[in-house]
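Residues -27 to -1, 1 to 323 (mature numbering (1 follows the signal peptide of the UniProt record, and there is no 0)) are what the sequence shown spells out, left to right.
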Amino acid sequence: MNSSASFISFLLLTSALLGSHLLLSRAQPTPPIVRGLSWTFYRSNCPRLETIVRDYLRQVFRNDIGQAAGLLRVHFHDCFVQGCDGSVLLDGSASGPSEKDAPPNLTLRPEVFRIINELRNRIQRACGQVVSCSDITALAARDAVFLSGGPDYRVPLGRRDGLTFATREATLDNLPFFGSTARELIANVARKGLDATDLVAISGGHTIGRGNCASFTERLYPNQDPNMDQKYANNLKRICPTTTSTGTTVLDIRTPNVFDNRYYVDLMNRQGLLMSDQDLFTDRTTRPIVTSFATNETLFFERFAFSMIKIGMLNVVTGTQGEIRANCSRRNPTRSYLTTLVEDLENVSF
């Protein structure tokens, strides 16, 4: 074993005890849920909801497991901008572009939006127009994690769909940038009530999925990032030989289609693809958390589920606010106030 590998093994062994004890002592089974959400929201009016979602996604992933990362990412991008209200699903119009058209969302594959709308159709056939697109998106993200090998966890439900989408500027301001440092990311998530452990846990979503050349070539050219393993850099240069290359590569080189803790092992070996990933191991605040998750997959799974539930409750629309969209990509046609109010009251679970 070479000296570098020995050092990493030493870090794994020593910080496993310190970091795991610290994180476990702070963890709770589930965070308190916000007013208007419930663990049993659709028990009476759509009891098969979660079965419908999971059964369909199992079929989808059998043909293309790559869609799992997309569904997880859609949920992140929805919640981080103006809350978990399904606004990222809305199409633009002749009057202007939508949140979906902002640069950070242009890499979301069109297929993931079609999958969410197909789930919408299947659920509506079974239960009527009672389940919001934002709730469907949250459940799809959970099942994307579970069906690719990650933890299963409960999702509080009862979100409504928002009536507006964010501007391009608001989208850029709120979504974490792939070139950010750990310090910048910690400040970003703190504005949403999340801490450093939440940040490192949700970054573990990069254990599945792909990144395009534009998101990491600045780490290769003109000068290579010294925090990148040389062999790994050489492989990336073959995929992206210039700063204008348009290729893609996996975010986790060890098990790219399996949701596990190998992403953190990548970071410890200086094989994180994005600057925002690798700096989590470079920064002294987040480094012990990365090491703890790399050595204890159970701990990572627990904290990931905990943080996902927190994110899924950011600025939710509930009660009689917003709407239940018939098509996740479009607002419902305008109706009279009285008709809307009556239907909203019928759909609320008490």
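Each residue gets a CB set at the ideal place from its N, CA and C atoms; glycine is no exception.
- prompt: Would the stretch 97 to 112 and the stretch 72 to 80 be scored as touching if the rule is three or more Cβ pairs under 8 Å?
  reply: No: fewer than three Cβ pairs fall under 8 Å.
field: Inter-stretch contact at 8 Å, needing at least 3 Cβ pairs: the stretch 59 to 69 / the stretch 290 to 305
entry: Judged by Cβ distances under 8 Å, the stretch 59 to 69 makes contact with the stretch 290 to 305, as three or more pairs qualify.
message: My output table needs one value for Asn300: the three-state DSSP class, helix, strand or coil.
response: In the structure shown, the three-state DSSP call for Asn300 is strand.
Own chain partners of Ile262 with C-beta closer than 6 Å, once the 5 adjacent residues on each side are dropped: Once the five neighbours on either side are set aside, the close Cβ partners of Ile262 are Thr170 and Val173.
message: Using a 10 Å radius around the Cβ and a threshold of 16 neighbouring Cβ atoms, would you call Asp146 buried or exposed?
response: Exposed is the label assigned to Asp146, since fewer than 16 other Cβ atoms lie within 10 Å of its Cβ.
message: Quick check for students: name the residue ranges of the beta strand (DSSP E) that lie wholly in the stretch 98 to 130, counting only runs of 3 or more.
response: Within the stretch 98 to 130, no beta strand (DSSP E) run of at least 3 residues lies entirely inside it.
message: Below 8 Å on the Cβ atoms is my contact criterion, and I expect Thr3 with Phe279 to pass it. Report the Cβ-Cβ distance as a whole number of Å.
response: Yes, Thr3 and Phe279 are in contact; Cβ-Cβ is about 7 Å, under 8 Å.
query: Which same chain residues, not among the five before or five after Gly9, have their C-beta less than 6 Å away from its C-beta?
result: Excluding residues within five positions, the ones whose Cβ falls inside 6 Å are Gly131, Thr291 and Gly292.
message: Between the alpha carbons of Ala117 and Leu44, how many angstroms are there, rounded?
response: If I take the Cα positions, the gap works out to 7 Å.
- prompt: Per DSSP, what kind of secondary structure is residue 324 in: helix, strand or coil?
  reply: Only positions -27 to 323 of the chain appear in this structure, which leaves residue 324 out of reach.
- prompt: Between the beta-carbon of Asp233 and the beta-carbon of Thr180, is there less than 8 Å?
  reply: The answer is yes: Cβ separation under 8 Å.
For Gly245 and Arg227, the rounded distance between their alpha carbons: Taking the CA atoms as reference points, Arg227 sits about 11 Å from Gly245.
Given Gly69 as reference, the closest of Asp256, Ser11, Thr140 and Thr216 once Cα atoms are compared: The shortest C-alpha separation from Gly69 is found at Thr140.
Residue environment, Gln1, which counts as buried when at least 16 other CB atoms sit within 10 Å: Per-residue confidence for Gln1 stands at a pLDDT of 48, beneath the threshold of 50, marking its modelled position as unreliable; no derived number is given.
task: Report the rounded CA-to-CA distance for Asn200 versus Thr255, giving the unit in angstroms.
output: One C-alpha to the other measures close to 8 Å.
field: Close beta carbons around Leu136, own chain, < 8 Å, minus the five adjacent residues each side
entry: Result list for Leu136: Gly295, Glu296 and Arg304, in chain order.
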